[in-house]
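Read the structure below first, then the notes.
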Amino acid sequence: MNRFFLKSILIIITANLSFISSANDKILLIGDSLSAGYGLEQAQAWVQLLQNKYLENKKEITLINTAISGQTTDNALLKIDTWLTTHQPDYVLIELGGNDGIRGFPVKLLQKHLTELVTKSQKSGAKVALMEIQIPPNLGPRYTKMFTDSYELVANKTGIYLMPYFMTDIAVNPTLMQNDNLHPNADAQPIIRDFMYRAINDWLQN
């Protein structure tokens with residue numbers, strides 16, 4: 001009787017552990033230098049700071065950071081199938097396009113690549129969010145507007161969540177930027193962390 005009782009308890013504990021494990025949401029972040037922590041130690045970067053915050057708050061969320069400095073949308077398309085197969089994420093957050101825009105890539109091509117990244121993620125079973133990237137106005141107001149509008153267009157076309165850009169207020173504050181005026185410095189990282197904590201929470205509850 002005691003042996004049967006202990007075996008029953010073990011089965012219940014194992015089942016509960018399986019439930020807890022499956023409750024952990026995996027978010028695959030596909031991004032560029034802004035999420036890769038360019039010019040910083042990884043421990044200083046907002047992605048690691050956010051993961052630490054999830055752990056402190058006992059939130060069952062794991063961030064899988066595949067951001068690469070200099071990454072463009074076409075670069076990411078070459079790797080996304082492997083990322084999706086390897087990590088099998090519940091959610092995919094796409095923070096890409098800044099390098100495409102700075103280099104003046106055709107807007108139609110940007111839209112095509114973003115759409116393909118989204119649809120590949122959706123077909124894997126993941127829920128997708130697209131961050132609304134903004135670029136400096138160097139290439140003129142027409143290109144800049146077409147570029148920015150692309151994100152809402154892709155989001156509407158694919159039915160995904162459009163997330164606000166985390167650099168909007170930081171990019172205009174020189175004290176929060178590195179000397180290249182393109183990348184946020186260490187002081188900006190906790191601000192981005194808190195912004196993304198709220199933005200991801202809004203997305204997951206959407």
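Residue numbers (full-length UniProt numbering): 1 to 206. Even glycine gets a Cβ: it sits at the ideal position worked out from N, Cα and C.
Within 8 Å, strictly: CB atoms of Q189 and L49:
The answer is yes: Cβ separation under 8 Å.
Look at the alpha carbon of H39 and the alpha carbon of L109, and state the distance between them as a whole number of angstroms.
The sequence shown places Gly at residue 39, rather than the His named in the question. When rounded, the distance between both Cα atoms is 29 Å.
With a floor of 3 residues, list each beta strand (DSSP E) that falls wholly inside the UniProt domain "SGNH hydrolase-type esterase" (29-187), ordered by position along the chain.
Here the runs fully enclosed are 61-65, 91-95, 127-131, 161-163.
Among H183, P164, L96, I30, which one has its Cα closest to the Cα of F195?
Taking only the C-alpha atoms, the option nearest F195 is P164.
When the Cα of H183 is compared with those of H113, L63, G98, which residue comes out closest?
Of H113, L63, G98, the smallest CA-CA separation from H183 is found for G98.
So the candidates are I200, Y151, N24, T119; which of them puts its Cα closest to the Cα of K58?
The residue with the shortest Cα to Cα distance from K58 is N24.
With DSSP as the reference, identify every bridge partner of I27, one or two as the case may be.
Looking at the DSSP output, I27 bridges to L63, Y91.
Starting from N206, follow the alpha helix (DSSP H) in both directions and report where the run begins and ends.
Run containing N206: none; DSSP gives neither H nor E here.
Evaluate the contact criterion for the region 62-69 versus the region 155-175: three or more CB pairs, one atom per stretch, below 8 Å.
Touching, no, given that fewer than three Cβ pairs across the two stretches are closer than 8 Å.
In or out: S21 buried (at least 16 other Cβ within 10 Å) or exposed?
The predicted position of S21 is uncertain, since its pLDDT is 35 and thus under 50; a value taken from the coordinates is nonetheless stated next. S21 is exposed by the Cβ-count criterion.
From S33 to L153, what does the alpha carbon distance come to, in whole angstroms?
Cα to Cα, the separation comes out at about 24 Å.
At the level of alpha carbons, what is the spacing between N185 and D74?
Cα to Cα, the separation comes out at about 27 Å.
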